[in-house]
Amino acid sequence: ITIFIAVFSVWAMRENESIEIFFGNFLRIGDLRGIQFLSLPFAYSVGALVNALTLGVSIFRINGREEIRQLWRSARSILIISLVMAASAYSVLKLLGFIELSSFAWVFAQGVSAFLAAFVMGIVLSETMLVREYFEIKQALAGRFIKKAPLQPETEHL
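Each residue of the sequence shown is one higher than the one before, counting from -5 in my numbering.
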């Protein structure tokens, strides 16, 4: 599907200049020529969405409605968390907007500050909304990096 979308989108942009102009203006690079290659990441994204939708339909057919409910609950939680994370990163960047970006260090500091704010908001919201995937990742990382005492057999008294 992804390959078909990529071939079709490159062909459409080459054959119809208005599609190329629309795509260029949409990405705010309308003054550049030869932007057909930018349809490849677009095709990858659309193909990934179609594949995810196909997977969802097949899961629904196999496991029924309960699996879809759990999937929708997780997707809704993750969407809310990602929107709040994006808003917090944007807010930090607006808050730090008074800093003149005259050097790489200031640009880097703003980026790191926005990332840390978004990351902390994501962790806090994942904890409070009880996102199952977050706890699975947390448990896997803890098991990977935190060493536990080895299990030893109990001694029996004779």
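Where a beta carbon is used, it is the ideal one built from N, C-alpha and C, also for glycine.
task = Reducing DSSP to helix, strand and coil, say where Ala143 ends up.
result = Numbered from its first residue, the sequence shown carries residue 143 at position 149. DSSP places Ala143 in coil when its eight states are reduced to three.
key: CA nearest to the CA of Phe36, picked from Leu90, Pro147, Phe(-2) and Ala81   = Position 42 of the sequence shown, counting from 1, holds the residue named residue 36. The shortest Cα separation from Phe36 among Leu90, Pro147, Phe(-2) and Ala81 belongs to Phe(-2).
query = Where do the N-terminal and C-terminal ends of the alpha helix (DSSP H) with Val78 fall, by residue?
reply = Counted from its first residue, the sequence shown places residue 78 at position 84. First-last of the alpha helix (DSSP H) with Val78: Arg59 to Leu89.
key: Short Cβ contact (8 Å threshold) for Ala112 with Ala83   = As a working mapping, residue 112 is identified with position 118 in the sequence shown. As a working mapping, residue 83 is identified with position 89 in the sequence shown. A contact, by the Cβ cut-off of 8 Å.
key: Segment limits, alpha helix (DSSP H) that includes Val118   = For the purposes of this step, residue 118 is taken as residue 124 along the sequence shown, with counting starting at 1. Counting along the chain, the alpha helix (DSSP H) containing Val118 begins and ends at Phe98 to Thr122.
inquiry  = Do Ile29 and Glu14 have their beta-carbon atoms positioned less than 8 Å apart in this structure?
reply    = Locating residue 14 in the sequence shown gives position 20, where the first residue counts as 1. Locating residue 29 in the sequence shown gives position 35, where the first residue counts as 1. Closer than 8 Å, so yes.
ask   = In three-state terms, what does DSSP make of Ile(-1)?
value = The residue labelled residue -1 in the question sits at position 5 within the sequence shown. It is helical.
message = If I measure Cβ to Cβ from Leu87 and keep anything under 7 Å in the same chain, skipping five residues before and after, which residues do I get?
response = Translated into positions along the sequence shown, residue 87 becomes position 93. Cβ neighbours of Leu87 beyond the five flanking positions: Gln104 and Ala108.
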